[in-house]
Amino acid sequence: MTILRSFPNPLRLLALACSATMLAACAATPVADTPRGSSPAASTTAPVPELRPGILAGYLAADAIPDSLALAPPPPAAGSAALAQDHAVMRAALALRGTPRFEQAARDADLDFPFAAGTFACTLGVRIDAERTPATYRLLRRSLVDAAMATRAAKERYQRARPFVENGAPTCTPDDEAALRGNGSYPSGHVAIGWMWALVLTQAVPAHTEALLARGRSFGESRAVCNVHWQSDILAGRFMAAGTFARLQSDAAFRADVAAASVELAAARTQGQAPDRDCAAEAAALAIPLPGVL
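Counting from 1, one number per residue, gives the positions in the sequence shown under full-length UniProt numbering.
What follows is the structure, encoded as structure tokens:
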């Protein structure tokens, strides 16, 4: 199996780019993000700035992103029931090594586009890419940044070590282990991104609410299966995503992209644009339970 790229790879550049001062500077370097041949309804009237080549700016200004250090409690203390639960879930997750669920966790670890655009394709029953669904593609790329940035303050403060550092077992993305050792585990930025995407797509396609939220949950659980996050990291990541999603409701560009995504995803279903994933294999892998996870 090809080793897929994980959270530090596409977002290492984001971490370097996204100090408060540089976010403001990025706004001065706009680039177009409307694929050739896309319809006006699926386009934004203003170009989207890039934080780094290939990484679009989020919707929110730096001072509008919820502060994880103010909102998330510290990670579980030594001897606490919460830490015991973290270790119980870790042991259950380690038992899934070598199973299709572990392989799915590796696929879920890849946040690079265009691959990441298809994370929820099987759930929605349509292919998502820059040419066929440009507004949805843009929505996923930009909301990724807002979700990731919402976890950053607490990550930097607590610098929590990841499960594989403690247990010595491999992860589902061994090429990323060196970078992950220096990247705080709490809260999970990867989980925040996946839960954000589930919420955003639920807003665009409310008829698929239960399936989308279930896929967002399994996407987050993949981080425990991958041996790179504790359960409490996952829960805090979901919390920060929910808060950031609520804040996005006040952003006009975000609302416009959700509306455009809703229209184009409906059209994609009508046109029979099937997912470019092995949906049967994904469903079988995700049906393997991770005991003890909340």
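No residue lacks a Cβ here, since even glycine has one placed at the ideal position from N, Cα and C.
Just to check my reading of the structure: residue i and residue j have Cβ atoms closer than 8 Å, yes? What is that Cβ distance to the nearest angstrom?
i: Val228; j: Arg101; result: 15 Å between Cβ atoms; not a contact.
i: Val48; j: Leu60; result: The pair is not a contact, with the Cβ atoms about 13 Å apart (cut-off 8 Å).
i: Ala150; j: Ile65; result: 5 Å
i: Ser250; j: Val205; result: Contact flag wrong, Cβ pair sits at about 21 Å.
i: Val258; j: Val165; result: About 38 Å separates the two Cβ atoms, so there is no contact after all.
i: Ala83; j: Ala77; result: Reading off the sequence shown, one finds Leu at residue 83, where the question assumed Ala. Between Ala77 and Leu83 the Cβ distance is about 7 Å, and since that is below 8 Å, they are a contact.
i: Arg162; j: Leu180; result: 6 Å
Suppose the cutoff is 7 Å on Cβ atoms and the five residues either side in sequence are ignored; what does the same chain contact list for residue i look like?
i: Val293; result: Val89, Glu221, Ala224 and Gln231
i: Tyr158; result: Pro74, Pro75, Gly184 and Tyr186
i: Thr2; result: Below a pLDDT of 50, predicted positions are generally treated as unreliable, and Thr2, at 32, falls in that range; no measurement from the model is reported.
i: Arg277; result: Gly118, Ala121 and Cys122
i: Arg141; result: Leu56 and Phe113
i: Ala153; result: Asp67, Ser68 and Leu69
i: Ala42; result: Its pLDDT being 40, under 50, Ala42 is placed unreliably in this model, and the value from its coordinates should be taken loosely. Here the set comprises Pro134, Ala135, Ala260 and Glu264.
i: Leu4; result: Its pLDDT being 34, under 50, Leu4 is placed unreliably by the model, and the measurement read from it follows with that caveat. Once the five neighbours on either side are set aside, the close Cβ partners of Leu4 are Ala106, Arg107, Ala109, Asp110 and Thr173.
Between which two residues does the beta strand (DSSP E) containing residue i stretch?
i: Glu50; result: Val48 to Arg52
Taking residue i as part of the alpha helix (DSSP H), name the residues at either end of that continuous run.
i: Ala243; result: The identity of residue 243 in the sequence shown is Gly, whereas the question assumes Ala. It spans Gln231 to Leu248 - the alpha helix (DSSP H) in which Gly243 sits, taken as one unbroken run.
i: Asn167; result: Pro163 to Asn167
i: Ser68; result: Ser68 to Leu71
i: Gly220; result: Thr209 to Val225
i: Tyr137; result: Pro134 to Ala150
i: Gly79; result: Gly79 -> no alpha helix (DSSP H), and no H or E assigned at all.
i: Gly194; result: Gly189 to Ala204
i: Arg107; result: Pro100 to Asp108
i: Ser262; result: Ala252 to Gln271
i: Thr173; result: Thr173 -> no alpha helix (DSSP H), and no H or E assigned at all.
i: Leu124; result: Ala121 to Leu124
i: Leu286; result: Cys279 to Leu286
What residues in its chain sit with their C-beta under 6 Å from that of residue i, if we drop five residues either side in the sequence?
i: Leu286; result: Ser218
i: Thr202; result: Thr209 and Leu212
i: Gly37; result: Low local confidence applies: a pLDDT of 36 at Gly37 is under 50, so the model's placement there is unreliable, with the coordinate-based value given in what follows. So no residue of the chain qualifies.
Here's a check: name, in chain order, each residue in its chain whose Cβ is nearer than 8 Å to the Cβ of residue i, leaving out the five neighbours to either side.
i: residue 302; result: Absent from the structure is residue 302, since the part of the chain shown begins at 1 and ends at 294.
i: Ala198; result: Phe120, Leu212, Leu213, Arg215, Gly216, Arg217 and Phe219
i: Gly272; result: none
i: Ala284; result: Pro100
i: Ala27; result: With a pLDDT of 37 at Ala27, under the threshold of 50, the predicted position of this residue should be treated as unreliable, and no value is reported.
i: Leu94; result: Asn167, Ala169 and Asn227
i: Leu290; result: Val89, Ala92, Ala93, Leu96, Arg101, Glu221, Ala224 and Val225
i: Gly189; result: Phe7, Leu11, Ala147, Ala148, Thr151, Arg152, Lys155 and Gly237
Using DSSP bridges, identify the partner residues of residue i.
i: Ile55; result: Arg52
- Query: Is there contact here, the stretch 111-127 with the stretch 238-252, by at least three beta-carbon pairs under 8 Å?
  - Reply: Verdict: no, contact absent.
- Would you call the stretch 136-149 and the stretch 189-197 in contact, with 3 or more CB pairs under 8 Å? The answer is yes - the stretch 189-197 touches the stretch 136-149, with three or more Cβ pairs under 8 Å.
- Item | Segment contact, 8 Å Cβ cut-off, at least three pairs: the stretch 105-112 with the stretch 254-268 | Touching, no, given that fewer than three Cβ pairs across the two stretches are closer than 8 Å.
- Are the stretch 161-176 and the stretch 265-272 touching, with three or more C-beta to C-beta distances below 8 Å? Touching, no.
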